[in-house]
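Just so we're on the same page, the working numbering is the position in the sequence shown counted from 1, plus 2.
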Amino acid sequence: MFVHNVFFWLDGAATDQQRQELLADCSALLGRIPTVRGLWAGRPAMTPREVVDNSYDIGLCVVFDNAVGHDVYQEHALHKQFIAKHKPIWKRVQVYDFT
Numbered sequence: 003m004f005v006h007n008v009f010f011w012l013d014g015a016a017t018d019q020q021r022q023e024l025l026a027d028c029s030a031l032l033g034r035i036p037t038v039r040g041l042w043a044g045r046p047a048m049t050p051r052e053v054v055d056n057s058y059d060i061g062l063c064v065v066f067d068n069a070v071g072h073d074v075y076q077e078h079a080l081h082k083q084f085i086a087k088h089k090p091i092w093k094r095v096q097v098y099d100f101t
């Protein structure tokens, strides 16, 4: 299993509609990539613990069978479409992958 976690911090000028579209496109675009085995996206749970980072705007977790599936996802046209559409509102993106 290969787990791909992505955290998005959005530009202060991002509108609520842009935020909603980014969240919806996680499933609508990225979820349609054939190598994706599971996908979850959402806003911070605002867990009130010192060790929890609630500073991001949208979190994304994508699960693949293996690193090869992840590599296919990275080059897939739907992934590239997602990036092209939403990158203008990103202030920061942080990725944590693990196997």
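In this text, a Cβ means the ideal position worked out from N, Cα and C, and glycines have one as well.
Beta-carbon proximity check, residue i vs residue j, cutoff 8 angstroms
| i | j | result |
| --- | --- | --- |
| L62 | V8 | yes |
| R21 | D73 | no |
| F84 | D13 | no |
| L24 | H81 | no |
Residue nearest to residue i in terms of C-alpha spacing, selected from the options
| i | options | result |
| --- | --- | --- |
| P36 | Y75, A86, Q96 | Y75 |
| D55 | G71, T101, Q96, Q83 | Q96 |
| V64 | R39, H78, A47 | R39 |
| W92 | H81, R51, F10 | F10 |
| F4 | R45, F66, L24 | F66 |
| A16 | Y98, P90, T101, D99 | P90 |
Local conformation of residue i per DSSP, three classes
| i | result |
| --- | --- |
| I60 | strand |
| A86 | helix |
Alpha helix (DSSP H) segment containing residue i, residue limits
| i | result |
| --- | --- |
| R21 | 18–30 |
| H78 | It is not in any alpha helix (DSSP H) - H78 carries neither H nor E in the DSSP assignment. |
Cβ neighbour criterion (16 or more within 10 Å) applied to residue i
| i | result |
| --- | --- |
| G44 | exposed |
Where the beta strand (DSSP E) through residue i begins and ends
| i | result |
| --- | --- |
| D99 | 92–100 |
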